[in-house]
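So that you can map any letter, position 109 of the sequence shown is 108 in numbering that gives the first Met the number 0, and since no number is skipped, the others follow by simple counting.
Reading through the structure tokens given below for one structure.
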Amino acid sequence: MERTLVLIKPDGVRRNIIGEVISRIERRGLKIVAMDLRTLDADTAKTHYEEHAQRPFFDSLVEFITGGPLVAMVVEGERAVEAFRALAGATDPVSASPGTIRGDFALEVQQNIVHGSDSTYSAEREIKLFFPDLAA
Ligand code: CMP
């Protein structure tokens, strides 16, 4: 069974839509196997987003993602990586289809409510970072 790391980012927590996001994950048939509300420190945030380190938005992204509590989850199911990314919608919420999490709740590319691992390789790395006790 495949696993993916999902974050409900600080904007999602601030807007009180944790339940809405969890409900969509569960309704789809995916299973939450670990979950934690926490505020990230800068080092963890930089490691999590290391592939974006050279992008002009990197510092602002780290500031945003560490700026308040987020919900980190490990979500499990059939092709969980792809299944959650389909639920989340396109990274840029303006391009995200209505009916997706981003397409229904966001307009800004940085404050796009959720993160989901983009591959099984990233999922393994990210799960290890957020839930070291759980990693295979
Ligand atoms: P996420 O799926 O968590 O992966 C990288 C994050 O960087 C992305 O969601 C957005 O929050 C953010 N991001 C991507 N592109 C931009 C951009 N052009 N400007 C600001 N933030 C961005």
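Glycine included, C-beta positions come from ideal geometry on N, C-alpha and C.
As the structure is a prediction and not an experimental result, all values here were calculated from the model.
message = Could you tell me the alpha carbon to alpha carbon distance between residue 22 and residue 5, rounded to whole angstroms?
response = If you number the sequence shown from 1, residue 22 lands on position 23. If you number the sequence shown from 1, residue 5 lands on position 6. So the alpha carbons of these two residues sit roughly 13 Å apart.
request  = Could you check the C-alpha separation between residue 63 and residue 108 for me, to the nearest Å?
outcome  = On the sequence shown, position 64 is the one that residue 63 refers to. On the sequence shown, position 109 is the one that residue 108 refers to. Distance between the alpha carbons of residue 63 and residue 108 is about 12 Å.
key: Per DSSP, the bridge partner or partners of residue 72   = What you label residue 72 is simply residue 73 of the sequence shown in a count that begins at 1. Answer is 5 and 34, bridged to residue 72.
query = So, are the CB atoms of residue 75 and residue 32 less than 7 Å apart?
reply = By 1-based counting over the sequence shown, the position of residue 75 is 76. By 1-based counting over the sequence shown, the position of residue 32 is 33. Yes, these two residues count as a Cβ contact at 7 Å.
query = Quick one, which of 18, 11, 24 and 69 has its alpha-carbon nearest residue 79's?
reply = Taking the sequence shown and counting its residues from 1, the one referred to as residue 79 is at position 80. Residue 24 is the option with its Cα nearest to residue 79.
query = Quick one: does the C-beta of residue 53 sit closer than 6 Å to a heavy atom of ligand 1?
reply = Looking up residue 53 in the sequence shown gives position 54. Because no heavy atom of ligand 1 lies under 6 Å away, the Cβ of residue 53 does not count as near it: no.
inquiry  = For a test of the three-state rule: what should DSSP assign to residue 99, helix, strand or coil?
reply    = Residue mapping note: residue 99 aligns to position 100 of the sequence shown, counting from 1. DSSP places residue 99 in strand when its eight states are reduced to three.
ask   = So the alpha helix (DSSP H) residue 80 belongs to, where does it begin and stop?
value = Within the sequence shown, the letter at position 81 stands for residue 80. That run of the alpha helix (DSSP H) goes 79-87.
message = Between 53, 46 and 100, which has its C-alpha nearest residue 128's C-alpha?
response = Along the sequence shown, one-based indexing puts residue 128 at 129. Residue 46 is the option with its Cα nearest to residue 128.
query = Does the pairing of the region 52-61 with the region 7-14 give three or more beta-carbon distances under 8 Å?
reply = In the pairwise beta carbon analysis, the region 52-61 is classified as not touching the region 7-14: fewer than three pairs are separated by under 8 Å.
Burial state of residue 30, where buried means 16 or more other Cβ atoms lie within 10 Å = Numbered from 1 along the sequence shown, position 31 holds the residue referred to as residue 30. Result: exposed.
ask   = Using CA coordinates, which residue listed in 27, 26 and 34 is at the minimum distance from residue 133?
value = Numbered from 1 along the sequence shown, position 134 holds the residue referred to as residue 133. Closest by alpha carbon: 34.
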